[in-house]
Each structure stands twice: as C-alpha cells, then as structure tokens.
Amino acid sequence: MRSHNSQPGVMTVLGGLMVLTAVEFALSQIGAGLLLLLVIAFFKFLLIVVFFMHMPRLWTPAADEKGEATHP
866 MRSHNSQPGV
876 MTVLGGLMVL
886 TAVEFALSQI
896 GAGLLLLLVI
906 AFFKFLLIVV
916 FFMHMPRLWT
926 PAADEKGEAT
936 HP
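In terms of the working numbering, the sequence shown is residues 866 to 937.
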C-alpha cells in the first residue's frame, strides 16, 4: 500500500543501493574500467546524500488539505 508521501522511502533507497551495488560488482567482474566504477560509486553516494537531505520530511506528520499538520 502506497502512502501519499512523495518523498523516497527507506525501502526505495535501500533497493536502489542494492541495485547499484549489484551493477558495480558485475561490472568489476567483467573487467570494466575504474572510471565507470567510480561513476557508479558516486551515484550511490549521491543517493545516500539526497535521502538524508529529505530525512526530516519523512518523519514529519502528514498534512491535511489546508497544509496544516494533522498531529500538533
């Protein structure tokens, strides 16, 4: 069941990290260049940074139609 929150959830970020890690590992096994692996590692870092920038919004109470918090 999806919530009405448009921010990325914890499971979405963990899934993204797992996919990027799997891609990075597979590319390292077939001998991909170091630059490509560094680019993927940078995207993993960026995903974590963006997630933690939005973290306070994940814990705030949901707003009603007027934009006011439903739980004061």
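Beta carbons: idealized from backbone N, C-alpha and C, even for Gly.
Using the rule of at least 16 other Cβ atoms within 10 Å of the residue's Cβ for burial, across every protein chain shown, is Phe-890 buried or exposed?
-> exposed
Top-ranked residue by Cα proximity to Leu-903, from Val-914, Val-888, Val-915 = Val-888
Do the CB positions of Leu-912 and Leu-882 come within less than 8 Å of each other?
-> Cβ distance < 8 Å, so Leu-912 and Leu-882 count as in contact.
Mind checking Phe-910: buried by the 16 CB within 10 Å criterion, or exposed?
-> Around the C-beta of Phe-910, fewer than 16 other C-beta atoms lie within 10 Å, and the residue is accordingly described as exposed.
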